[in-house]
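Just so you know, the sequences run in chain order A and B. For the first sequence, position 122 matches number 122 in full-length UniProt numbering, and the numbering has no gaps at all. For the second sequence, position 64 matches number 64 in full-length UniProt numbering, and the numbering has no gaps at all. Written below as structure tokens is the structure these notes are about.
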Amino acid sequence: MIEVNNLHKGFSGVEILKGITTSFQPGETSLIIGQSGSGKTVFLKSLIGLHAPEKGSIIYDGRVNTEMTIEDKRHFRQELGMVFQGSALFDSLTVEENVMFPLKMFTKQPVDEMLDRVNFVLKRVNLENSNKKFPAELSGGMQKRVAIARAIVMNPKYLFCDEPNSGLDPQTSIVIDNLIQEITDEYKITTVINTHDMNSVMEIGDKIVFLKNGVKAWEGSHKEIFKTDNEAVVNFVYSSNLFKKVRQAYLNDV
Amino acid sequence: MNYVEHIGKYFVMLKQVFTKPQRARVFREALFREIDELGLKSLGIIAFISFFIGGVIALQTALNLESPFIPKSLIGFAAKRSIILEFAPTFCSIILAGKVGSYITSSIGTMRVTEQIDALEVMGINSLNYLVLPKIIATVFFYPFLVVLGMFLGIFGGWVAGVLSGLFSGIDFITGVQMDFDPFLLTYAIIKTLVFAFLIATVPSYHGYYVKGGSLEVGKASTQSVVWTIVVIVIANYFLTQMLLT
Chain A
1 MIEVNNLHKG FSGVEILKGI TTSFQPGETS LIIGQSGSGK TVFLKSLIGL
51 HAPEKGSIIY DGRVNTEMTI EDKRHFRQEL GMVFQGSALF DSLTVEENVM
101 FPLKMFTKQP VDEMLDRVNF VLKRVNLENS NKKFPAELSG GMQKRVAIAR
151 AIVMNPKYLF CDEPNSGLDP QTSIVIDNLI QEITDEYKIT TVINTHDMNS
201 VMEIGDKIVF LKNGVKAWEG SHKEIFKTDN EAVVNFVYSS NLFKKVRQAY
251 LNDV
Chain B
1 MNYVEHIGKY FVMLKQVFTK PQRARVFREA LFREIDELGL KSLGIIAFIS
51 FFIGGVIALQ TALNLESPFI PKSLIGFAAK RSIILEFAPT FCSIILAGKV
101 GSYITSSIGT MRVTEQIDAL EVMGINSLNY LVLPKIIATV FFYPFLVVLG
151 MFLGIFGGWV AGVLSGLFSG IDFITGVQMD FDPFLLTYAI IKTLVFAFLI
201 ATVPSYHGYY VKGGSLEVGK ASTQSVVWTI VVIVIANYFL TQMLLT
């Protein structure tokens, strides 16, 4: 479980996050949504420890980030997996080497065992027979799968995804969304996804945190988002006629 | 940001670079990859340029020594001194700063703008140590061999130029090369090469690691890094020459 208490973060005197308090539960897929510039990326980068908070704290299963030593942080980072917006695969390494990288870095397993684990996770993300290909030889969707495989290869407790559907076609987006949700359920991972994709919001958000101008403006489940009267959420999520109709249909059914 | 801040940031970067590698086998793999990329793949250009520049140095010296009172062996002597003292260590390093420097900046810069460095940091890896230390060790250990090869091929190029042009005989040239040989000249050239190799690995790494923006900025950083590496090499060359030879 991740607890965020009164998190503040700014750059060059400009406050980006203005006291966010929320929590993320294990086995749940939590989404962070909001307009561009609302502080989503800074929030996610604070959660993964790339930005140190100016005020407030983040508690990972009882471990307070501000009290962690360098060794604690190093150990903690081995417990988290991250899927970056552009996949962030290492260009000079093959698919197999990319996925094996954290194992090589942090375990003393023999190569055979590492290869077994790599093949297992690649199979889990439905990406077989691409072990020897380089990232440049893969499609965007395949790169995302490799990134997910690399993120879960160390059996992480926390999985963070920054815009996992960015640049993907709607069909592939759904596949990636479902894959992340299945992995979250299967391994009881605490998953936090930063997204703009309203399909993801409707489909997989066990919990949704809506940010506006660096403040948590609303939070709830993907069912509650259909019913909310919060003006900022309604304006953001139901800005397209299609989603307005989907919402209306849902409310009529209820 | 002013120059003093850049220099300070460069030394802070070096402090992070010089830490113990987290995993020896990963470091070894990275080191061999860098020796291949930064060293072996530079053999061709160094060999080609050294051979022809050596030839030009010998021809120019021969053409400017018209007096019959000056022995022809002086051509070999002058060519040897020029090649060992300046051409091989400094000129080759400047060539490598262009070839390898732009490669280092663009590869690390691309990793920065495509979040690959963030990915390393998120995994708990000291990205500077992982990316830069193998480059430093690869260049510092391999470039002395490249420069010695450059010396040999430069002198050989001078001999070939003489033989083909008929301006001086091969025997005279070899006599000149053997004349008054001071082994300290080689030590001096190797010391310079070690310093330049360190600069060729670290200055472009600094420009690549701290790049901000997109591909355009990576391109600009590559150009800047080559310019600054050459500037720093030229300045270091002056001070090293003064310290070691005067």
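From the three backbone atoms N, C-alpha and C, an ideal C-beta is built for every residue, glycine too.
Extent of the continuous alpha helix (DSSP H) to which residue i belongs
i: N129/B; result: S127 to S165
i: T229/B; result: S215 to L245
i: N119/A; result: V111 to R124
i: E137/A; result: Where E137/A is concerned, there is no enclosing alpha helix (DSSP H), given that its DSSP letter is neither H nor E.
i: S82/B; result: S73 to S82
i: S107/B; result: C92 to V113
i: E97/A; result: V95 to F106
i: R25/B; result: A24 to E34
i: residue 247/B; result: Residue 247/B lies beyond the stretch modelled for chain B, which goes from 1 to 246, so this question has no answer here.
i: E231/A; result: E231 to V237
Bridge-paired residues (DSSP) for residue i
i: W218/A; result: F210/A
i: N199/A; result: Paired residues: none, contrary to the question.
i: C161/A; result: V83/A and I193/A
i: V64/A; result: I59/A
i: A34/A; result: For the record, residue 34/A in the displayed sequence is Gly; it is not Ala. According to DSSP, G34/A bridges with L211/A.
i: T193/B; result: Answer is none; T193/B lacks a bridge partner.
i: T29/A; result: T191/A
Partner residues on chain A for residue i, Cβ-Cβ distance less than 7 Å
i: R23/B; result: K104 and M105
i: V26/B; result: K104 and M105
Chain A residues whose Cβ lies nearer than 9 Å to that of residue i
i: T175/B; result: Simply none; closest approach about 50 Å.
i: V218/B; result: Near V218/B there are no residues of chain A at all, since even the closest Cβ is about 13 Å away, more than 9 Å.
Proximal residues of chain B, C-beta to C-beta of residue i below 8 Å
i: R74/A; result: G124
i: A88/A; result: T114, E115, Q116, D118 and A119
i: F84/A; result: E115, D118 and A119
Check whether residue i and residue j have beta carbons under 8 Å apart
i: I230/B; j: A97/B; result: yes
i: K40/A; j: L179/A; result: no
i: S30/A; j: V209/A; result: yes
i: L44/A; j: I33/A; result: no
i: N199/A; j: S173/A; result: yes
i: G56/A; j: L7/A; result: yes
i: I53/B; j: G154/B; result: yes
i: A217/A; j: N235/A; result: no
i: A58/B; j: M151/B; result: no
i: L17/A; j: S46/A; result: yes
i: G55/B; j: L146/B; result: no
i: T61/B; j: A78/B; result: yes
i: T202/B; j: I108/B; result: no
i: residue 269/B; j: E217/B; result: Lying outside 1 to 246, the shown extent of chain B, residue 269/B is not represented and no answer is given.
Straight-line gap, residue i to residue j (C-alpha atoms, nearest Å)
i: T191/A; j: K157/A; result: 9 Å
i: I45/B; j: E37/B; result: 13 Å
i: Y60/A; j: L31/B; result: 36 Å
i: S67/B; j: K99/B; result: 41 Å
i: F51/B; j: K72/B; result: 21 Å
i: L103/A; j: M243/B; result: 48 Å
i: T21/A; j: I7/B; result: 40 Å
i: K188/A; j: K123/A; result: 19 Å
i: D253/A; j: R247/A; result: 10 Å
i: Q224/B; j: F24/A; result: 45 Å
i: E71/A; j: F106/A; result: 13 Å
i: V122/B; j: R77/A; result: 6 Å
i: V163/B; j: G208/B; result: 46 Å
i: S166/A; j: F156/B; result: 58 Å
i: E203/A; j: D177/A; result: 8 Å
i: N129/B; j: M154/A; result: 22 Å
i: L13/B; j: L159/A; result: For clarity, residue 13/B is Met in the given sequence; the question names Leu instead. In a straight line, the C-alpha of M13/B is about 30 Å away from that of L159/A.
i: E96/A; j: L167/B; result: 60 Å
Proximal residues of chain B, C-beta to C-beta of residue i below 7 Å
i: Q78/A; result: G124
i: I48/A; result: V122
Continuous beta strand (DSSP E) stretch holding residue i: start and end
i: H75/A; result: Per DSSP, H75/A belongs to no beta strand (DSSP E); it is in the alpha helix (DSSP H), I70 to R77.
i: K18/A; result: V14 to F24
i: K9/A; result: I2 to F11
Any non-hydrogen atom of the ligand COA within 7 Å of residue i CB
i: T114/B; result: Among the components of this structure there are no ligands whatsoever, and the ligand COA is therefore not found.
- Query: Can you list, in chain order, the residues of the region 99-123 of chain B whose Cβ is nearer than 7 Å to any Cβ on chain E?
  - Reply: In the structure shown, chain E cannot be found, because the protein chains are A and B.
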